[in-house]
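**Q** Chains as they are written, first to last, in this note's numbering: chain L, 1 to 245; chain P, 246 to 348.
Here you go, one structure.
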């Protein structure tokens, strides 16, 4: 079967282009935060999870410590572990494929795979989106970092405004109902109260504790927040392993 | 530890988290409480990062050009603009606000 005849691969390619392009903004924001080119590329190649990468450089840009940046990135990456469980059930990758599959387990590849019902299409969608996003995300991170280095003073170009917009853009698709919106408002408020009281970077970790407590108390929604931040298909995901695993 | 150290540790934790998902029994997916915590964490952290990047300047809270970026990004998202457009709109709004005299 030609790849172009596979609906999952077609979707994967469009997702890869859209997501890869916003690697531009990550690269530019990362060097604006003070990371050098190699450090920026290390995050895109090895950490490879958009939200966590934005979190890491966002904390550093705000004057936070390395440990706060690392912790925020790690906590935001927990959902990737949940995705990993879903993909393992869905695709049952051979043992030697588990490590590459794990590295490519991100919002986009999971959304593309779980949106298909045929197991072969699920597999093609996962790998095509994962590899496609990986290649383009790293390419555009490099371009963005080089452009960011050439731009000089980040504030003059409104790059601090770009960071604000990026985080709101990552949050937005996850707050479609009242409960996640309430969690977002509470955590934002707690963060702002904490800013003058504790060192930079720590308010975000305090918000994480509050968010986890809200989830433990059963206030969180079961799936909102864990929905991947892309919607490659016009309708909701079909054939998701959630609930029948 | 240097910034490089924290970067590499963050990368190692990310890879370990993803890989752990492939090793643990899928039964954990039946645990709604665990899914709730993971979902709430994602929302809470992104909300906190949005708030800090808009209003914090070190340990001080300030209202400056970044608020214009927040408002403009919200409008763009509400109009269903793609992510990259939202980011560009945010940068443009902050830049314009500064040009007009905002801090």
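Glycine included, each C-beta is placed from N, C-alpha and C at the ideal position.
If you're wondering where the values come from, they're calculated on a predicted model, not measured in any experiment.
Restricting to Cα atoms, I'd like to know which of L/164, L/11, L/109 and L/209 is closest to residue 57 of chain L.
**A** Considering only alpha carbons, the answer is L/164.
**Q** Can the beta-carbon of residue 113 of chain L be found less than 8 Å from the beta-carbon of residue 87 of chain L?
**A** Against a cut-off of 8 Å, the Cβ pair of residue 87 of chain L and residue 113 of chain L comes out as a contact.
**Q** Give the secondary structure of residue 324 of chain P by DSSP, where H, G and I count as helix, E and B as strand, and everything else as coil.
**A** Correct three-state label for residue 324 of chain P: coil.
**Q** Does residue 172 of chain L have its Cβ less than 8 Å from a Cβ in chain P?
**A** Answer yes: the Cβ-Cβ gap between residue 172 of chain L and chain P drops below 8 Å somewhere.
**Q** Using a Cβ cut-off of 9 Å, pull out every chain L residue sitting near residue 346 of chain P, in sequence order please.
**A** What residue 346 of chain P touches in chain L: nothing, since even the nearest Cβ is about 14 Å away.
**Q** Once you ignore the five residues that flank residue 64 of chain L on each side, which residues in its own chain have a CB closer than 7 Å to its CB?
**A** Result list for residue 64 of chain L: 200 and 201, in chain order.
**Q** Among residues of its own chain, excluding the 5 on either side of residue 208 of chain L, which ones have a beta-carbon nearer than 7 Å to its beta-carbon?
**A** For residue 208 of chain L, where only same-chain residues beyond five positions count, the Cβ hits under 7 Å are 75.
**Q** May I ask you to list the residues that DSSP assigns as paired with residue 305 of chain P?
**A** According to DSSP, residue 305 of chain P bridges with P/302.
**Q** Considering Cα atoms alone, identify which of P/284, P/341, P/289 and P/336 is closest to residue 32 of chain L.
**A** The candidate whose alpha carbon is nearest that of residue 32 of chain L is P/336.
**Q** Please confirm whether residue 298 of chain P has its beta-carbon closer than 8 Å to some beta-carbon of chain L.
**A** For residue 298 of chain P, the answer is yes, since a Cβ of chain L falls inside 8 Å of its Cβ.
**Q** Please classify residue 120 of chain L: does DSSP put it in a helix, a strand, or coil?
**A** Three-state DSSP puts residue 120 of chain L in a helix.
**Q** At which residue ranges does the region 173-214 of chain L contain complete alpha helix (DSSP H) runs of 4 or more residues, listed in the order of the chain?
**A** Fully enclosed alpha helix (DSSP H) runs of 4 or longer: 178-194.
**Q** Would you say residue 27 of chain L and residue 141 of chain L are within 8 Å of each other, going by their C-beta atoms?
**A** Going by C-beta atoms, residue 27 of chain L is nearer than 8 Å to residue 141 of chain L.
**Q** So if I threshold CB-CB distances at 8 Å, which residues from the region 309-334 of chain P count as touching chain L?
**A** Result list: 310, 311, 313, 314, 315, 317, 318, 319, 321, 322, 327, 328, 329, 331, 332, 333 and 334.
**Q** Could you name the residues of the region 277-302 of chain P whose beta carbon sits closer than 7 Å to any beta carbon of chain L, in the order they occur along the chain?
**A** So the close ones are 277, 278, 280, 281, 282, 283, 284, 285, 286, 287, 288, 289, 290, 291, 292, 293, 294, 295, 296, 297, 298, 299, 300 and 301.
**Q** Would you identify the three-state DSSP class for residue 295 of chain P, choosing helix, strand or coil?
**A** Correct three-state label for residue 295 of chain P: helix.
**Q** So is residue 119 of chain L buried or exposed if we call it buried at 16+ other beta carbons inside 10 Å?
**A** Residue 119 of chain L is exposed by the Cβ-count criterion.
**Q** I'd like to check one pair, residue 204 of chain L with residue 294 of chain P: are the Cβ atoms closer than 8 Å?
**A** Contact flag set, yes.
**Q** Report the CB separation of residue 13 of chain L from residue 144 of chain L in whole angstroms; it is logged as a contact under 8 Å.
**A** Incorrect: roughly 21 Å between the Cβ atoms, too far for contact.
**Q** For a contact meaning CB atoms closer than 9 Å, what does residue 25 of chain L contact in chain P?
**A** Within chain P, the residues near residue 25 of chain L are 328, 329, 332, 333 and 336.
**Q** May I have a chain-ordered list of the alpha helix (DSSP H) segments no shorter than 4 residues that lie completely inside the region 81-146 of chain L?
**A** 98-103 and 107-114, all fully within the region 81-146 of chain L.
**Q** Keeping to the same chain, check which residues put their C-beta closer than 8 Å to that of residue 206 of chain L; ignore five residues upstream and five downstream.
**A** Answer for residue 206 of chain L: 190, 191, 194 and 198, listed in chain order.
**Q** Out of L/22, L/100 and L/85, state which residue places its alpha-carbon closest to the alpha-carbon of residue 167 of chain L.
**A** Comparing Cα positions, the closest option is L/22.
**Q** Using the beta-carbon of each residue, which ones in chain L are nearer than 9 Å to residue 269 of chain P?
**A** By Cβ distance, chain L contributes 81, 84, 85 and 88.
**Q** Excluding five sequence neighbours on each side, which residues of the same chain lie with their C-beta closer than 6 Å to the C-beta of residue 77 of chain L?
**A** These residues qualify, in order along the chain: 49 and 52.
**Q** So, at 7 Å on beta carbons, what are the nonlocal neighbours of residue 80 of chain L in its own chain, with the 5 sequence-adjacent residues on each side left out?
**A** Hits under 7 Å: 49, 105 and 106.
**Q** Determine whether the beta carbon atoms of residue 19 of chain L and residue 30 of chain L lie at a separation below 8 Å.
**A** No.
**Q** To the nearest angstrom, how far is the alpha carbon of residue 94 of chain L from that of residue 122 of chain L?
**A** So the two alpha carbons sit approximately 15 Å from each other.
**Q** Helix or strand or just coil, what does DSSP make of residue 336 of chain P?
**A** In this structure, residue 336 of chain P counts as helix in the three-state DSSP scheme.
**Q** May I have the straight-line CA-CA distance separating residue 89 of chain L from residue 38 of chain L, to the nearest angstrom?
**A** Near 36 Å, if we compare the C-alpha coordinates of residue 38 of chain L and residue 89 of chain L.
**Q** Taking residue 310 of chain P and residue 347 of chain P to be in contact with their CB atoms under 8 Å, please state how far apart those CB atoms are, rounded to whole angstroms.
**A** At roughly 4 Å, the Cβ-Cβ gap stays under 8 Å, so residue 310 of chain P and residue 347 of chain P are in contact.
**Q** If you count every other CB in all the chains shown that lies within 10 Å of the CB of residue 272 of chain P, and 16 or more means buried, which is it?
**A** Exposed, since its Cβ has fewer than 16 Cβ neighbours within 10 Å.
**Q** With a threshold of 6 Å on Cβ separation, who are the neighbours of residue 43 of chain L within its own chain once the five nearest residues in sequence on each side are excluded?
**A** Here the set comprises 53.
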